[in-house]
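Take a look at the structure set out below.
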Amino acid sequence: MGVFRSIQFKDIVDIFIVAFLIYRILLLLQGTKALQMLAGLTIIIALYFISQIFELLTLNWILQTFMSSLLILIIIVFQDDIKKALAKIGTVPTAKIQTEYSFGIEEVVKAVTKLAEKKIGALIVFEREISLKDYLEGSVLLDAKVSEELLVSIFNPKSPLHDGAVIISGGKIVAAGVVLPLSTNPDIAKDLGTRHRAGIGITEVSDAVAVIVSEERGEISLAVGGKISRDITPATLRKILSQLLGFETIQPWWKRLRNKENEKGE
12 MGVFRSIQFK DIVDIFIVAF LIYRILLLLQ GTKALQMLAG LTIIIALYFI SQIFELLTLN
72 WILQTFMSSL LILIIIVFQD DIKKALAKIG TVPTAKIQTE YSFGIEEVVK AVTKLAEKKI
132 GALIVFEREI SLKDYLEGSV LLDAKVSEEL LVSIFNPKSP LHDGAVIISG GKIVAAGVVL
192 PLSTNPDIAK DLGTRHRAGI GITEVSDAVA VIVSEERGEI SLAVGGKISR DITPATLRKI
252 LSQLLGFETI QPWWKRLRNK ENEKGE
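According to my numbering, numbering within the sequence shown proceeds without interruption in unit steps and concludes at 277.
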């Protein structure tokens with residue numbers, strides 16, 4: 012009881028801050044190779060303390076040498092995940108009220124529907140909070156209105172840009188023929204090709220949303236957060252894109268409560 016009495020308000024705040032930081036770190040690591048390697052790192056640290064307790068000199072010396080270089084090893088091994096985490100931390104969330112027209116969602120849905128029917132491969136990426144400028148090197152920069160006709164022409168097999176990705180930012184097509192990083196996730200289905208792996212890959216290192224059309228199966232897929240939803244309908248694609256890109260905005264709690272009360276009254 013004496014221990015609890017000695018706890019002050021600042022101690023509680025301290026505990027909550029540490030708990031929140033641990034929670035956020037785990038969220039950032041979720042779905043990355045870092046989370047898997049963290050388990051192995053934990054085992055090594057545990058072995059280090061065991062070797063000290065039981066005076067296992069050789070093992071302790073090896074682990075101590077390893078631990079002294081641990082920070083450098085972490086930076087080298089987790090450099091992609093650290094870059095992604097820092098990008099998320101440095102992003103200030105903003106309340107966006109976007110229209111379906113400004114994002115060109117309907118034009119994208121119509122384009123990928125037509126491409127899927129003809130079994131023409133495509134990869135369209137929507138930029139959100141995290142900038143994709145680092146991936147535009149070597150691509151064809153554009154400043155074009157999103158349209159079904161333009162997207163279909165870009166991914167025409169005879170077009171020199173059809174193998175790359177299209178980037179949409181701020182409601183405009185800003186680049187075509189973009190080469191994106193491939194996913195490093197070993198658990199991805201073996202039947203997914205380079206286009207799908209690139210679509211998943213860009214969503215692993217950013218908060219982008221990728222729409223992929225398979226040229227083999229004529230399927231429409233959507234990737235976000237390193238996860239992929241395969242063989243979805245145009246209607247489902249339209250709904251998910253509208254939710255992810257801000258067309259269906261999340262209202263404040265007090266507005267949602269008022270709307271529910273109005274619905275009950277009716």
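Glycine is no exception: its CB is placed at the ideal position from the N, C-alpha and C atoms.
Take residue i as the anchor and find which of the options has the nearest alpha-carbon.
i: V228; options: L126, F137 and E66; result: For the sequence presented, residue 228 should be read as Arg rather than Val. The option with the nearest alpha carbon to R228 is L126.
i: R241; options: A200, D145 and A219; result: A200
i: G237; options: A221, K250, L252 and S225; result: A221
i: S80; options: Q63, I23 and L52; result: L52
i: E226; options: I83, F31 and K130; result: K130
Going by DSSP in three states, residue i sits in which element: helix, strand or coil?
i: I26; result: helix
i: D154; result: strand
i: G257; result: coil
i: L307; result: Shown here, the chain extends from 12 to 277; a query on residue 307 therefore has no answer.
i: V177; result: strand
i: V216; result: coil
i: F137; result: strand
i: V222; result: strand
i: S142; result: coil
i: A246; result: helix
i: A278; result: No answer is possible for residue 278: it lies beyond the span of the chain, which begins at 12 and ends at 277.
i: I199; result: coil
i: K21; result: helix
i: V185; result: strand
i: I131; result: coil
i: S240; result: strand
i: G5; result: Residue 5 lies beyond the residue range present for the chain, which begins at 12 and ends at 277; the question has no answer from this structure.
i: F65; result: coil
i: E148; result: coil
Is residue i buried or exposed, if buried means 16 or more other CB atoms sit within 10 Å of its CB?
i: G132; result: buried
i: F137; result: buried
i: F20; result: exposed
i: E27; result: Going by the sequence as given, residue 27 is Phe instead of Glu. Exposed: under 16 other Cβ atoms inside 10 Å.
i: I179; result: buried
i: V123; result: buried
i: F65; result: exposed
i: A234; result: buried
i: F166; result: buried
i: V216; result: buried
i: F252; result: First, the amino acid is wrong: residue 252 is Leu here, not Phe. Result: buried.
i: L143; result: buried
i: V24; result: exposed
i: A30; result: exposed
i: I231; result: buried
i: I239; result: buried
i: Q262; result: With a pLDDT of only 46 at Q262, under the threshold of 50, the placement of this residue in the model should not be trusted; the figure read from the coordinates follows. Classification of Q262: exposed, given that the 10 Å Cβ count is below 16.
Skipping 5 residues on each side, what residues in its chain have a beta carbon closer than 6 Å to that of residue i?
i: V103; result: Per-residue confidence for V103 stands at a pLDDT of 48, beneath the threshold of 50, marking its modelled position as unreliable; the derived number appears in the next sentence. Hits under 6 Å: none found.
i: D218; result: R139, E140 and I141
i: R249; result: V120
i: P171; result: none
i: L255; result: V220
i: L152; result: A186
i: F77; result: none
i: K266; result: With a pLDDT of 49 at K266, under the threshold of 50, the modelled position of this residue cannot be trusted; read the value that follows with caution. Counting only Cβ-Cβ distances below 6 Å, and skipping sequence neighbours, we find nothing.
Going by beta carbon distance, what residues of the same chain come within less than 7 Å of residue i, once the five residues before and after it are set aside?
i: A155; result: L161, K183 and I184
i: G175; result: S150, A187, G188, V189 and V190
Starting from the C-beta of residue i, find all residues in its chain whose C-beta is less than 8 Å away, skip the five residues before and the five after it, and write them out in chain order.
i: L74; result: I55, L58, Y59 and S62
i: L134; result: G175, A176, V177, L191, R206, A209, G210, A221, V222, I223 and V224
i: V157; result: F114, G115, E118, V119, I179, G182, K183 and I184
i: L147; result: I178, V185, A186 and V189
i: T244; result: I231
Self-check item: Contact the stretch 117-132 vs the stretch 162-171: 3+ CB pairs below 8 Å
Solution: Verdict: yes, contact present.
Exercise. Flag this pair as touching only if the stretch 205-219 and the stretch 186-196 have three or more C-beta atom pairs under 8 Å; answer yes or no.
Key: By the C-beta criterion, the stretch 205-219 is judged to be in contact with the stretch 186-196, since at least 3 inter-stretch pairs fall below 8 Å.
Exercise. Flag this pair as touching only if the stretch 52-59 and the stretch 67-87 have three or more C-beta atom pairs under 8 Å; answer yes or no.
Key: Segments in contact, yes.
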